[in-house]
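Note sheet for the following structure.
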Amino acid sequence: ESPSLHSRFTTLTITREPRSKHGAKDGAVGTSQGCASASSGAATTSPTITTALFEPDRDGQTPQVVVLVGAPGMGKTTMVRRVMVEWGEGTLHTQFDFVFCIDCKAMVLPMEASVADLVSQCCPGLRVPAGKILDDQKKILFIFDGFEALGFSWVQPEAELSSDPREVKPLELTMMSLLKKTVLPESSLLITMRPAALGSLRQCLKGECYVEILGFSAARRKEYFHRYFENPNKADMAFRFARSNEILYSLCVIPVMSWTTCTVLEQELCGKKNLLDCSKTTTGMILFYLSQILKHRDKDNPQVLQKFLLQLCSLAAEGIWKHKVLFEEKEIKDCGLDQPSLLPFFLNESIPREGEDHDSVYAFTHLHLQEFFAAMFYVLEDDEEMASSLGKLDKNVNKLLESYNKSRKDLNVTVRFLFGLVSQKSIEYMDKTIGCRISPRAREELLEWLQGRHKGLSQPGKALKVSEMDTFHFLFEMNEKSFAQSALGHFTDLDLRDTKLTLYDQMALSFCIQHWAGLGCVTFQGCSFQRQDPEAELDASVPCALVVRRREELPCPIHLLCRALRLRDSALQVLRLQWCQLSESCCAELAALLAEHPGLARLELADSSLGDSGVRLLCEGLRAPGCSLRILR
Numbered sequence: 003e004s005p006s007l008h009s010r011f012t013t014l015t016i017t018r019e020p021r022s023k024h025g026a027k028d029g030a031v032g033t034s035q036g037c038a039s040a041s042s043g044a045a046t047t048s049p050t051i052t053t054a055l056f057e058p059d060r061d062g063q064t065p066q067v068v069v070l071v072g073a074p075g076m077g078k079t080t081m082v083r084r085v086m087v088e089w090g091e092g093t094l095h096t097q098f099d100f101v102f103c104i105d106c107k108a109m110v111l112p113m114e115a116s117v118a119d120l121v122s123q124c125c126p127g128l129r130v131p132a133g134k135i136l137d138d139q140k141k142i143l144f145i146f147d148g149f150e151a152l153g154f155s156w157v158q159p160e161a162e163l164s165s166d167p168r169e170v171k172p173l174e175l176t177m178m179s180l181l182k183k184t185v186l187p188e189s190s191l192l193i194t195m196r197p198a199a200l201g202s203l204r205q206c207l208k209g210e211c212y213v214e215i216l217g218f219s220a221a222r223r224k225e226y227f228h229r230y231f232e233n234p235n236k237a238d239m240a241f242r243f244a245r246s247n248e249i250l251y252s253l254c255v256i257p258v259m260s261w262t263t264c265t266v267l268e269q270e271l272c273g274k275k276n277l278l279d280c281s282k283t284t285t286g287m288i289l290f291y292l293s294q295i296l297k298h299r300d301k302d303n304p305q306v307l308q309k310f311l312l313q314l315c316s317l318a319a320e321g322i323w324k325h326k327v328l329f330e331e332k333e334i335k336d337c338g339l340d341q342p343s344l345l346p347f348f349l350n351e352s353i354p355r356e357g358e359d360h361d362s363v364y365a366f367t368h369l370h371l372q373e374f375f376a377a378m379f380y381v382l383e384d385d386e387e388m389a390s391s392l393g394k395l396d397k398n399v400n401k402l403l404e405s406y407n408k409s410r411k412d413l414n415v416t417v418r419f420l421f422g423l424v425s426q427k428s429i430e431y432m433d434k435t436i437g438c439r440i441s442p443r444a445r446e447e448l449l450e451w452l453q454g455r456h457k458g459l460s461q462p463g464k465a466l467k468v469s470e471m472d473t474f475h476f477l478f479e480m481n482e483k484s485f486a487q488s489a490l491g492h493f494t495d496l497d498l499r500d501t502k503l504t505l506y507d508q509m510a511l512s513f514c515i516q517h518w519a520g521l522g523c524v525t526f527q528g529c530s531f532q533r534q535d536p537e538a539e540l541d542a543s544v545p546c547a548l549v550v551r552r553r554e555e556l557p558c559p560i561h562l563l564c565r566a567l568r569l570r571d572s573a574l575q576v577l578r579l580q581w582c583q584l585s586e587s588c589c590a591e592l593a594a595l596l597a598e599h600p601g602l603a604r605l606e607l608a609d610s611s612l613g614d615s616g617v618r619l620l621c622e623g624l625r626a627p628g629c630s631l632r633i634l635r
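With the first letter of the sequence shown counted as 1, position 420 gets the number 422 in the working numbering; the numbers rise by one all the way through.
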């Protein structure tokens, strides 16, 4: 694994205050106050990950026990592997003579064992007997990865603990002897675990240092994409795609979500030059992410997971309605979520510090994941028994949609996920991969709501128009041609005003326009079509010549729009691009549209800086045999 760890390992943001009440940025429900880089510790530059983890405190004391805390997918195991690589390369030999890594999730550990037995099991090829290594009391680091998988209560009488590394005892006692330092008191421990499992372990430790992984900073996300893709052009395309989708980009703070995004986009780029036709939705990415983190769960009865997810989704939805992201321990128990085998996959636990008198509080790993599960609440299938255990919250999709329409614009992401979850692809993926059933019943309600919503906004006697950008995002999230056709079939006009259109906005628009057979009039007033490389414009370290060259390589700002409008069977007659800051770079696309679209009769380009060369390009389109334009403004 050494080569891939070298090429892809990207520095994570960590904090040494894992139980403070302060939240992290990007919606990640971290619990940090002062953030530090995993390669820089809290203050000084550290050449290795291990040095950062075992950095001395303010009093100059190096911790002997470090507990590395992080939600599933935050990179705990990757950091452990990196420590092993550092040791294998010889960079830790002044710090540790031996490093023994025990994977608590994967290794089948005996019911009874000595410390020497554990060493022999994790390193079967040792040339020197394990007992002799341990007798020498050398500088030894024990790593226990996925500690919560052991499932011990950690309540054992201290009189039964061992002081001899060769003494065979029940596994829980041997482990407690290491934790309590009755055996090998000079050794160091690195323990990785999920926040929801910390409570019982704390009782066994003294003088430990807690380090929490908060994920990737904005700069590290970009670095990870470039490390993942060996081809810099593909890395740029994938990162721009993720960056333009605010929800996805925010979720990429979770390392495994960055990996998921890169993996999916790599498949999309096979045989393609760009991601402009990418059909992978944010919902699809999250479902893939869920399938990855649930891989390691016990393969219990599917009904158990279905019931747990229903209760989890009920909690998420209730929180979204009440603007609530922190949940008390009593709420978790009342919902029936206090199941150690499932809870840590979805919720982080923040344990009160010593001296604080409140119980633990829980939060979803990321706000967008809470919104995702809130949407799932409305579409997961249940039976009468399950429904009775869900509390007072009503699974009424129309109530959610109407609340969003009237005043609760903060429900936008939840509604978007609702559309994504009832797509045929999502229904099949949930059933086959995760083992849960989604009801397709909500599809009809969503369709009726979309149609009725815009009819209500259109003036009586006038053309029925769609004038809300979110509609296009909802349809793009579902990504089904037939549903988009049904939803838009009654409307003839598209009218957007004063909107900044990102690449992702334009992709959503393009998808909908291509499946909107009756679209006759398109109006953009005061809208800006963002160039696809905002990073280069803001980055002072990028030379100006490179910025210019990048701009020349990128498609013109209205490329996606014109490409969608050029479809032969389009009913388009009027195109207005008023006060949209168009330049001569747009004229080639407009000329091609004029030449290829026989139905287009009216084109308005108010307040555009086309320049002489731009107008010459337009004239080429006007002279084309296929052009039927009657009015140019």
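For each residue, glycine too, the CB sits at the ideal point set by N, CA and C.
Taking PRO442 as the centre and dropping the five residues before and after it, the same chain places the C-beta of VAL424, ILE429 closer than 7 Å to its C-beta, in chain order. The Cβ-Cβ distance between LEU307 and CYS124 does not fall below 8 Å.
Around the C-beta of LYS274, fewer than 16 other C-beta atoms lie within 10 Å, and the residue is accordingly described as exposed.
LEU277 is positioned such that its CB atom lies closer than 8 Å to that of GLU270. Here DSSP, grouped into helix, strand and coil, assigns ASN398 to coil.
Residue pairing from DSSP places ASN350 in a beta bridge opposite ALA365. Sequence-distant partners of TYR431 (beyond 5 residues in either direction) whose C-beta falls short of 6 Å from its own C-beta, in its chain, are LEU289. In this structure GLN205 is exposed. Its beta-carbon is surrounded by fewer than 16 other beta-carbon atoms within 10 angstroms. Counting along the chain, PHE146 sits inside the beta strand (DSSP E) bounded by residues 142 to 147. The shortest CA-to-CA distance from GLY601 to any of GLU447, LEU631, SER155, GLU232 is the one to LEU631. Nearest to GLU598 by C-alpha distance, out of LEU607, ARG578, LEU579, GLY623, is GLY623. Beta-bridge analysis with DSSP links ILE51 to no other residue.
Of LEU466, MET471, CYS514, the smallest CA-CA separation from PHE493 is found for LEU466. In the displayed model, THR13 falls within coil according to three-state DSSP, outside both helix and strand. With contact defined as three or more Cβ pairs closer than 8 Å, the region 178 to 195 and the region 220 to 231 are not in contact. Relative to ILE322, the option among ASP238, LEU413, LEU607, GLU268 whose CA is nearest is LEU413. LEU191 has VAL67, PHE144 as its beta-bridge partners, per DSSP. Counting only residues of its own chain and dropping the five nearest sequence neighbours on each side, PRO304 has a CB closer than 6 Å to the CB of GLY437. Here PHE310 really is in contact with LEU344; their C-beta atoms are around 5 Å apart, less than 8 Å.
Excluding its 5 nearest sequence neighbours in each direction, ASP384 has C-beta neighbours in its own chain below 7 Å: LEU312, listed in chain order. Within 10 angstroms of the beta-carbon of GLU91 lie fewer than 16 other beta-carbons, which makes it exposed. Around the beta carbon of MET113, a 10 Å sphere encloses fewer than 16 other beta carbons of the protein chains shown; the residue is thus reported as exposed. Within its own chain, the residues whose Cβ lies closer than 6 Å to the Cβ of ASP609, once the five positions on either side in sequence are excluded, are TRP581, listed in chain order.
A contact is defined here as three or more CB-CB pairs under 8 Å, and the region 57 to 74 fails this definition with respect to the region 101 to 121. Judged by DSSP in its simplified three-state form, ILE515 adopts helix. For LEU579, the enclosing beta strand (DSSP E) stretches over residues 576 to 580.
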